[in-house]
Amino acid sequence: MSNESVDELPSPATRGLGSLRLRLTLALPLLNALAVAVFEWSLAGELPNAQALARLTWLVVLLSAAQLLLVELWMLRPLRHLAAGCEAMESQCATPLPNDGLGAAPRLDGELDRIGHAMLRARDSLWQQEQSASELQRELSEQRRQLDHAQATLEANRRELASLARVDTLTGIANQRVFDEALRREFKRAQRERSLLAVAVLDLDQFRQFNRVHGKAAGDAALQRLAELLGTRFKRDTDLVARLGGEEFVALLPGFGMAEAQGVLESLREEWRALRLPDGDGQLTLSIGLAAASPAHPYLSAQALLQAADEALYIAKHAGRDRLSLAA
1 MSNESVDELP
11 SPATRGLGSL
21 RLRLTLALPL
31 LNALAVAVFE
41 WSLAGELPNA
51 QALARLTWLV
61 VLLSAAQLLL
71 VELWMLRPLR
81 HLAAGCEAME
91 SQCATPLPND
101 GLGAAPRLDG
111 ELDRIGHAML
121 RARDSLWQQE
131 QSASELQREL
141 SEQRRQLDHA
151 QATLEANRRE
161 LASLARVDTL
171 TGIANQRVFD
181 EALRREFKRA
191 QRERSLLAVA
201 VLDLDQFRQF
211 NRVHGKAAGD
221 AALQRLAELL
231 GTRFKRDTDL
241 VARLGGEEFV
251 ALLPGFGMAE
261 AQGVLESLRE
271 EWRALRLPDG
281 DGQLTLSIGL
291 AAASPAHPYL
301 SAQALLQAAD
311 EALYIAKHAG
321 RDRLSLAA
């Protein structure tokens, strides 16, 4: 082998730098992938999907490329210069040193200082990256806490809205929406089981005039008082009382025929007449229309049953008020 071939072979220092570069190229992506996976797991608590995995892969590639570039600029390049200087010194060992040969030592010290400064800068850069990652994790944790709080508030508001959509806000009893659903359900059950079902529509007589004389507050108190009376009178699990709007209420009485419902409603009307109103003045009477479905007296639909009770209430109003009228 000629001397020229020997000179072209890479030196041990060059081979060492190449080996170091190869190890860094293999190790940094693995370390970054592990760090990013642990960080994502600590945030999400579950395995990433395909889209998130692709995003993490690009993040690892970019982070590894940046770190390799920093290592190349701040550590490997000075080491290459140092290796070249060492090789030059070794090649000159066999020949007498010139008069200025003592200048190699200061140059070597300068290279070592540069390497030390490069390693310090690399360490500072890694520390800053760790601080940035910690700050990012704190921000994400705070955002997650705020998101959980917002979701809890939204759920509470949703439940409140759902409750308001099914409850009359003034009296606290069911509203017309709830009554309509219950009427259809109980009517189908009565048809299927051939059982009884009574519907009563109740209306306070001359309520608007009462409001004009005594004020809206007294009128609202009277509506609340009637709702309380209905709740205490009809308290079976199957009974339902609701406010249809204004001064009009309704009672749904499964299992009651015309005679049973008539007796209870007459008693209710007498009890209401005996009550004193909140302001102690004036008197509100109650008109009631009653309809009942039975195998002997069926109705075609739930709406037809309710309409029969409404027509009976109309008759009670035009017959002098303060009375109970039965559907034909």
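In UniProt numbering, the protein residues as written are 1 to 328. The C-beta atom is built at its ideal place from N, Cα and C for all residues, glycine as well. What you are looking at is a predicted structure, and each value in this text was computed from that prediction instead of being measured.
**Request:** Could you work out which residue in Leu229, Arg208, Ser195, Leu223 is closest to Pro254 when comparing CA atoms only?
**Result:** Ser195
**Message:** If distances are taken between C-alpha atoms only, which option among Gln303, Val250, Ala309, Arg208 comes closest to Met258?
**Reply:** Ala309
**Message:** Is there a Cβ of chain D sitting closer than 7 Å to that of Leu240, yes or no?
**Reply:** Note that chain D does not occur in the displayed structure, where there is just one protein chain.
**Message:** Going by DSSP in three states, Pro254 sits in which element: helix, strand or coil?
**Reply:** strand
**Message:** Do Arg269 and Leu244 have their beta-carbon atoms positioned less than 7 Å apart in this structure?
**Reply:** no
**Proximity of Phe256 and Ala198 at Cβ, strictly below 7 Å** = yes
**Prompt:** Going by the CB atoms, is the gap between Pro29 and Val71 shorter than 7 Å?
**Reply:** no
**Request:** Within 10 angstroms of the Cβ of Gln67, are there 16 or more other Cβ atoms? Answer buried if so, exposed if not.
**Result:** buried
**Message:** Can you look up Leu97 in the DSSP assignment and give me helix, strand or coil?
**Reply:** Reliability of the predicted coordinates at Leu97 is poor, the pLDDT of 46 falling under 50, and the value obtained from them is presented with this limitation in mind. Coil.
**Item:** Beta bridge counterpart(s) of Asp203 as assigned by DSSP
**Value:** Glu248, Ser287
**Item:** Residue interval of the beta strand (DSSP E) (run including Leu326)
**Value:** 324 to 326
**Request:** Using 10 angstroms around the beta-carbon of Pro106, count the other beta-carbons present and answer buried if the total reaches 16, otherwise exposed.
**Result:** exposed
**Message:** Let's test the definition: count the other Cβ atoms within 10 Å of the Cβ of Ala274 and tell me whether it reaches 16, buried, or not, exposed.
**Reply:** exposed
**Prompt:** By the 10 Å Cβ neighbour count, where 16 or more other Cβ atoms means buried, how is Pro298 classified, buried or exposed?
**Reply:** exposed
**Asked** What does a CB cutoff of less than 6 Å around Asn56 pick up in its chain, not counting 5 residues either side in sequence?
**Response** Note that residue 56 is Leu in the sequence shown, not Asn. So the list reads Val36, once near-sequence residues are dropped.
**Residue range of the alpha helix (DSSP H) that includes Arg166** = Premise fails: Arg166 is in no alpha helix (DSSP H) and is neither H nor E.
**Asked** Given 8 Å as the limit, is there contact between the segment 174 to 187 and the segment 289 to 306, that is, 3 or more CB pairs closer than that?
**Response** yes
**Request:** With a 10 Å radius around its C-beta and 16 neighbouring C-beta atoms as the bar for buried, classify His117 as buried or exposed.
**Result:** exposed
**Residue range of the alpha helix (DSSP H) that includes His318** = 302 to 318
**Message:** Checking the sheet assignment: what are the DSSP bridge partners for Val241?
**Reply:** Ala251
**Prompt:** Residue range of the alpha helix (DSSP H) that Ala50 falls in?
**Reply:** 50 to 71
**Message:** Looking at Ile173: is its Cβ nearer than 7 Å to the Cβ of Val241?
**Reply:** yes
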